[in-house]
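**Student:**
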Amino acid sequence: MGLVEEFAEARQWVAEKLELNQSRVVNLFDVTIRILGGLLSTYHLTGDSLFLEKAGELGNRLIPCFSATSTVPFPEVNLATGEVIPPISGYSPVSEVGSLQLEFRDLSLITGDPRYRQAVDVAMQGLQSHLQGGLVPRLVTQATGDFVHGAYSIGAGVDSYYEYLLKQYLQTGKMEKRFLRWYRSAVKSISRELVGHSEPLHLAFLGTRNGTDFIPYMEHVTCFFPAVLALGYLHGCPQAHLSLAEELMHTCYLLYRRSPTGLAPEAVYFNQRISTQADFEIKDMGVDMQNFLRPEAVESLFVLYQVTRDSRYMQWGWDIFEAFEKVAFIPSGGYTSILDVRGPLSYKDRMESFFLAETLKYLFLLFSDNVSLPLDKWVFNTQAHPLPIQ
158 MGLVEEFAEA RQWVAEKLEL NQSRVVNLFD VTIRILGGLL STYHLTGDSL FLEKAGELGN
218 RLIPCFSATS TVPFPEVNLA TGEVIPPISG YSPVSEVGSL QLEFRDLSLI TGDPRYRQAV
278 DVAMQGLQSH LQGGLVPRLV TQATGDFVHG AYSIGAGVDS YYEYLLKQYL QTGKMEKRFL
338 RWYRSAVKSI SRELVGHSEP LHLAFLGTRN GTDFIPYMEH VTCFFPAVLA LGYLHGCPQA
398 HLSLAEELMH TCYLLYRRSP TGLAPEAVYF NQRISTQADF EIKDMGVDMQ NFLRPEAVES
458 LFVLYQVTRD SRYMQWGWDI FEAFEKVAFI PSGGYTSILD VRGPLSYKDR MESFFLAETL
518 KYLFLLFSDN VSLPLDKWVF NTQAHPLPIQ
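The sequence shown begins at 158 in this note's numbering and counts up one residue at a time.
#1: Taking one C-beta from the segment 424-442 and one from the segment 393-401 each time, how about it: are there three or more such pairs within less than 8 Å?
#2: Quick one: using the 10 Å Cβ neighbour count with 16 as the cut-off for buried, is Asp533 buried or exposed?
#3: How many Å lie between Leu193 and Glu350 at the Cα?
#4: Taking contact to mean 3 or more Cβ pairs, one atom from each stretch, closer than 8 Å, check whether the segment 450-470 and the segment 427-437 are in contact.
#5: Runs of 4 residues minimum, wholly inside the segment 333-398: which ones carry the alpha helix (DSSP H) assignment?
#6: Glu163 and Asn538: beta carbons closer than 9 Å?
#7: Hey, could you find the ends of the alpha helix (DSSP H) Phe459 is sitting in?
#8: Enumerate, from N- to C-terminal direction, the unbroken beta strand (DSSP E) stretches of 3 or more residues contained entirely within the segment 497-543.
#9: For Tyr390, which of Met508, Leu327, Asn178 has the nearest alpha-carbon?
#10: Looking at Glu253 and Leu185, is the spacing between their C-beta atoms short of 9 Å?
#11: Compute the distance between the beta-carbons of Phe381 and Gly353, then report whether it is under 9 Å.
#12: Between which residues of its own chain and Trp475 is the CB-CB distance below 8 Å, once the five residues before and five after are set aside?
#13: By how many angstroms is the C-alpha of Gln472 removed from the C-alpha of Ser355?
#14: Would the segment 229-240 and the segment 292-302 be scored as touching if the rule is three or more Cβ pairs under 8 Å?
#15: Can you check which of these residues, Met375, Arg414, Arg469, is closest to Phe427 by C-alpha distance?
#16: Quick check on this structure: which residue in Lys518, Pro417, His377, Gly307 has the alpha carbon closest to the alpha carbon of Phe449?
#17: Only counting the same chain, and skipping five residues up and downstream in sequence, which positions put a Cβ closer than 7 Å to that of Gln179?
#18: On a CA-only basis, which of Leu160, Leu196, Val188, Pro244 is nearest Ala172? Give me that one, please.
#19: Please report the straight-line C-alpha distance between His338 and Met508, rounded to a whole angstrom.
#20: Taking the alpha-carbon positions, what's the Gly255 to Gly216 distance?
#21: Under the DSSP definition of a beta bridge, which residues are partnered with Leu296?
#22: Reducing DSSP to helix, strand and coil, say where Pro117 ends up.
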């Protein structure tokens with residue numbers, strides 16, 4: 158991008174202002190995927206040892222989280238004292254246990270210290286030991302490692318767990334086959350239990366399973382899954398995975414295209430009654446009607462374009478970008494979340510960090526003539542920080 162001066166300014170801030178020895182409680186998951194992942198990625202892209210040193214220091218300050226008697230790490234730690242804090246509820250989201258592995262494994266690889274990889278391997282193996290199929294519920298008990306069985310989906314709380322199954326297999330140069338087995342089992346269960354089709358256009362979507370009940374409710378975060386399926390296909394998974402990825406991507410795009418503002422809502426309910434006229438609807442429930450400038454749809458567009466070279470994915474990405482520019486851009490600076498994508502237009506006065514770290518990054522990569530991060534050489538962590546394949 159040619160942002161040499163801007164990078165130099167950011168490097169200076171990391172060198173002089175990023176003080177990790179402070180009495181501050183942080184969330185293991187958030188700091189790992191955002192800060193540790195960012196430091197590791199920057200080291201790999203630049204070779205600058207400053208970022209490796211900071212990543213190593215941060216890893217050491219986070220490792221006390223893995224001192225739990227169960228396989229589930231403590232969710233929070235004081236960076237200065239190493240004091241760990243158990244979850245108030247007694248439960249942790251599965252995604253916060255199963256989405257630490259890429260970063261800590263990479264840290265072990267480049268430092269030669271096996272503790273980081275061993276810690277996250279215990280956490281991942283603990284999740285697998287409690288599985289009764291390919292699907293996982295949203296919560297896991299911190300004290301015992303047992304799942305809290307209930308509704309099953311691939312939305313918030315579980316999403317990146319499925320993502321990291323495949324990406325760990327790729328990160329290891331496809332040497333650790335257990336990750337592929339777990340991933341293939343998960344996709345099989347998702348395809349059987351969570352895929353639904355709407356009426357009248359027979360749009361594919363990913364719903365929620367609660368016992369024998371199927372709830373046709375899909376969150377925008379679920380739009381990450383076409384990217385994972387397409388990436389798996391690129392690395393040897395069946396054609397059916399790519400076909401499902403393309404079907405789901407079409408649905409995710411229509412969440413934008415059919416919105417009055419051109420921006421997708423946080424969640425929708427799909428209609429499965431043959432007599433209905435609309436395939437999905439946005440309800441006045443919680444934040445369902447809002448838009449937080451999320452990255453999942455454009456992430457999937459980037460990966461699908463790289464895998465298929467189908468130009469429609471680039472066009473769909475441009476449509477979404479134009480909607481961001483038209484609706485969410487604030488002339489005084491930045492972009493903002495939208496309170497109701499159906500209108501009338503009102504703002505939330507909030508720009509999430511993932512809009513810069515992920516949404517705009519994937520859009521830039523989608524429109525780049527020459528992608529310098531090929532998907533057979535790099536894996537992106539769940540905050541879009543690229544890490545090299547071994």
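We put the CB at the ideal spot given by N, CA and C, even for glycine.
From a predicted model like this one, the values you see are computed outputs, not experimental measurements.
**Tutor:** Working from what's here:
#1: The segment 424-442 is not in contact with the segment 393-401.
#2: The residue given as residue 533 occupies position 376 in the sequence shown. Of the other Cβ atoms in all chains shown, fewer than 16 fall within 10 Å of the Cβ of Asp533; this residue is therefore exposed.
#3: Taking the sequence shown and counting its residues from 1, one reaches residue 193 at position 36. Taking the sequence shown and counting its residues from 1, one reaches residue 350 at position 193. Pairing Leu193 with Glu350, the inter-Cα distance amounts to about 35 Å.
#4: Because the criterion of three Cβ pairs below 8 Å is not met, the segment 450-470 and the segment 427-437 do not touch.
#5: Fully enclosed alpha helix (DSSP H) runs of 4 or longer: 334-350, 382-391.
#6: Within the sequence shown, residue 163 is the residue found at index 6, counting from 1. Within the sequence shown, residue 538 is the residue found at index 381, counting from 1. In this structure, Glu163 keeps its C-beta atom at 9 Å or more from the C-beta atom of Asn538.
#7: Here residue 459 refers to the residue found at position 302 when the sequence shown is read from its first residue. Taken as a continuous stretch (DSSP letters only), the alpha helix (DSSP H) holding Phe459 covers 453-465.
#8: With a minimum length of 3 residues, the continuous beta strand (DSSP E) runs that stay inside the segment 497-543 are 535-537.
#9: Translated into the one-based positions of the sequence shown, residue 390 becomes position 233. Residue Leu327 is the option with its Cα nearest to Tyr390.
#10: Within the sequence shown, residue 185 is the residue found at index 28, counting from 1. Within the sequence shown, residue 253 is the residue found at index 96, counting from 1. Contact check for Leu185 against Glu253 passes: the beta carbons are separated by less than 9 Å.
#11: Translated into the one-based positions of the sequence shown, residue 381 becomes position 224. Translated into the one-based positions of the sequence shown, residue 353 becomes position 196. For Phe381 and Gly353, no; Cβs fall outside 9 Å.
#12: Along the sequence shown, read from residue 1 onward, the residue named residue 475 stands at position 318. Only Phe524 meet the Cβ criterion.
#13: Reading the sequence shown from its first residue, position 198 is the one you call residue 355. Reading the sequence shown from its first residue, position 315 is the one you call residue 472. If you take the alpha carbons of Ser355 and Gln472, they lie about 24 Å apart.
#14: Contact between the segment 229-240 and the segment 292-302 is present: 3 or more CB-CB pairs across the two stretches fall below 8 Å.
#15: Residue 427 sits at position 270 when you count from the first residue of the sequence shown. That would be Met375, whose Cα lies nearest to the Cα of Phe427.
#16: One-based indexing of the sequence shown puts residue 449 at position 292. Ranked by Cα distance from Phe449, the first of Lys518, Pro417, His377, Gly307 is His377.
#17: Counting from one through the sequence shown, the residue named residue 179 turns up at place 22. The answer, listed in chain order, is Leu236, Ala237.
#18: Here residue 172 refers to the residue found at position 15 when the sequence shown is read from its first residue. When only C-alpha atoms are compared, the closest one is Leu196.
#19: To locate residue 338, count along the sequence shown from 1; it is residue 181. To locate residue 508, count along the sequence shown from 1; it is residue 351. For the record, residue 338 in the displayed sequence is Arg; it is not His. When rounded, the distance between both Cα atoms is 38 Å.
#20: Residue numbering aside, residue 255 sits at position 98 when the sequence shown is read from its first letter. Residue numbering aside, residue 216 sits at position 59 when the sequence shown is read from its first letter. The C-alpha of Gly255 lies about 17 Å from the C-alpha of Gly216.
#21: The residue given as residue 296 occupies position 139 in the sequence shown. In the DSSP output, where bridge partners are listed per residue, Leu296 has Pro250, Val305.
#22: Nothing can be reported for residue 117, as the shown portion of the chain is limited to 158 through 547.
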